[in-house]
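Here is the structure we will look at, set down as structure tokens.
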Amino acid sequence: MSTSKKETYSSFIQYIEENQNRFYYLAYSYVKDPDSALDIVQEAVYKGLKSIDKVKEASYIKTWFYRILVNASMDELRRSSRSIPSDPAYLFQDQGNHSHDEKTPEQAELMDLYQALNRLDPKSKAVITLRYFEDMKLTEVAKILGENVSSIKSRLYRSLAKLKIQLEGDVFHDESEKQQ
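Heads up: the sequence shown runs through residues 1 to 180, numbered per UniProt numbering.
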């Protein structure tokens with residue numbers, strides 16, 4: 001293995017070790033199952049290790065690996081082809097003294113957001129997740145999803161508009177229930 005390949009390999013291993021939790025939460029956001037999310041991350045790492053020699057520079061590892069991870073997540077959704085009920089309560093385990101039935105207002109809002117995200121199509125969800133939850137630039141999101149930046153911008157703005165409508169609908173629905 002040449003020096004640059006060793007450096008790329010070492011950079012990849014370090015990147016995986018430092019970001020494993022982020023990868024898990026991204027995969028979980030797609031499949032809503034802890035075991036499946038772990039399987040997806042494991043599969044993505046395996047695919048990454050198999051094809052690490054295709055990475056020309058270590059600086060490309062982030063977008064290259066996220067592309068593998070997002071594709072593995074979408075593949076799992078297609079394979080399962082079943083509707084998975086949204087259960088963001090898993091994300092709030094063991095946080096404070098609140099039981100699963102008793103959520104803080106912040107947790108309830110976050111659950112509403114996750115439920116609204118789950119109603120989006122997978123590509124729209126990927127754009128929002130990568131941009132806002134993974135804090136990536138639109139150019140990085142475009143590289144990961146294999147699309148041009150203008151398409152990503154359009155999908156982002158359409159998706160945000162859909163989320164806003166869904167979240168406002170949830171708020172109005174919740175308020176009308178409180179009044180009854």
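Using N, Cα and C, we set each Cβ at its ideal position, and we do this for glycine too.
- The residues D112, L113 and A116, in chain order, have a CB closer than 8 Å to that of L167 in the same chain once the five nearest residues on each side in sequence are set aside.
- For S36, the number of other beta carbons within 10 angstroms of its own is at least 16, and it is reported as buried.
- Separation of the CB atoms of I152 and L145 is rounded to 7 Å, and the pair is thereby assigned contact status at 8 Å.
- Looking only at K32, L120 and D53, the smallest Cα-Cα distance to S80 is reached by K32.
- Rounded to the nearest angstrom, the Cβ distance from L120 to K164 is 12 Å, too far for a contact under 8 Å.
- Annotation: Q42 to S10 spans about 18 Å, alpha carbon to alpha carbon.
- Secondary structure note for S124: its alpha helix (DSSP H) is the uninterrupted segment P122 to I128.
- The three-state secondary structure of V55, taken from DSSP, is coil.
- T63 and P122 have their C-alpha atoms some 18 Å from each other.
- Counting the other Cβ atoms within 10 Å of the Cβ of A108 gives fewer than 16, which makes it exposed.
- The beta carbons of T129 and V55 sit no closer together than 8 Å.
- The beta carbon of I61 sits closer than 7 Å to those of S11, F12, Y15 and V55, all from its chain and outside the five residues before and after it, given in chain order.
- Of the residues A27, S59, P34 and I52, the one whose Cα lies closest to the Cα of A72 is A27.
- Under the three-state reduction of DSSP output, N148 falls in the coil class, being neither helix nor strand.
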